[in-house]
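Working notes, beginning with the structure itself.
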Amino acid sequence: MIGDVCATLVDVIDSTVHGQIVQGYLQAFGHPEVTREQLQQLLDAVSGFLDTVTARDGEFAPRGGWAPHATADALQLERALELALAERDRDDRARARHREARDRIVAAVLAMRTFGLIMPHLIQTEISIGTTALNEGFEVYVDGTIRPSADPDADICSDHREHRRSELERQMTAAVATRTTLLDSTADALRKHLDLRPENTETSWVIDELTHHDPHTDFVAQFAEAVPLLPDCDLKHLLARLVDGTRQARERTNNQQ
1 MIGDVCATLV DVIDSTVHGQ IVQGYLQAFG HPEVTREQLQ QLLDAVSGFL
51 DTVTARDGEF APRGGWAPHA TADALQLERA LELALAERDR DDRARARHRE
101 ARDRIVAAVL AMRTFGLIMP HLIQTEISIG TTALNEGFEV YVDGTIRPSA
151 DPDADICSDH REHRRSELER QMTAAVATRT TLLDSTADAL RKHLDLRPEN
201 TETSWVIDEL THHDPHTDFV AQFAEAVPLL PDCDLKHLLA RLVDGTRQAR
251 ERTNNQQ
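Residue numbers (the UniProt record's numbering): 1 to 257.
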């Protein structure tokens, strides 16, 4: 009974010492001047040493193995190197993910900025054509079609008037189509830049990533400003969801701090 207790205590002490040794290695390997290449070369050397001193099936080895103390030290060193390299890999992936998120949000903001520069001109074109049509006694509809006025005094049978109506309608439907294309293409661009998948359009990992690191910066301020100015369309709904998703992400981050 006493022997079992002593053996258990020895195991605990050995485990603690092993952990302290590995932790000491990790602190040394975490120095910023130590490159990943150095760690990998050292790991290859240590692993090669362990392969050499480990007896293969059928090979003779003294009791306890070749260089048991050196082997134990090498095993600890190997474990520490594997952990250090795994941590470097995690850090590298995290940095790459954050850089990608920044690049994506910049592209999304630029897409909205381009939209903001083009859209007013398209709207002005529609207003100009529509105003002309109304002044000439036609009725203008949201889809761009233009019809003769219901005014009984209007000369609806005039070939010239019908030609004029047809020309104005051609201009208006083309303007409406251009505006619709811009709205749809901008929504598609945002989904691409923010990596929004069809199965999850409520949130973007890009915004979650940036908000997690900087909850005080409003990355979608430009999106929020555009929502009340847009007609009822896919882009408007998408921007509203992104703004709301960003607000929720910011709240989650603040609650975790």
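Glycine included, C-beta positions come from ideal geometry on N, C-alpha and C.
Predicted model only: the values in this text are computed from it and were never measured.
In the DSSP assignment, find the unbroken alpha helix (DSSP H) run with residue i in it and report its ends.
i	result
E82	P68 to N135
How far does the beta strand (DSSP E) with residue i in it reach, from first residue to last?
i	result
L33	Here residue 33 turns out to be Glu, not Leu, going by the sequence shown. Premise fails: E33 is in no beta strand (DSSP E) and is neither H nor E.
Any idea which residues DSSP pairs residue i with across the strands?
i	result
R148	The displayed chain sequence assigns Pro, not Arg, to residue 148. According to DSSP, P148 bridges with F138.
What residue from the options has the CA that sits closest to residue i's CA?
i	options	result
D103	L210, A221 and A226	L210
S185	A108, T54, R247 and T132	A108
D91	C233, P32 and A189	P32
A221	T180, D232, I207 and C233	I207
D143	H160, M172 and L81	M172
L81	H193, V46 and L168	V46
F49	P120, E136 and D73	D73
Report the rounded CA-to-CA distance for residue i versus residue j, giving the unit in angstroms.
i	j	result
D188	Y25	50 angstroms
H213	H69	45 angstroms
T35	D44	14 angstroms
L75	Q40	15 angstroms
D159	R197	52 angstroms
A84	L183	49 angstroms
A175	T125	7 angstroms
T217	R99	16 angstroms
V227	A111	15 angstroms
Exercise. Counting only runs that start and end within the segment 184-254, where is the alpha helix (DSSP H) found for 4 or more residues in a row?
Worked result: 205-213 and 221-226
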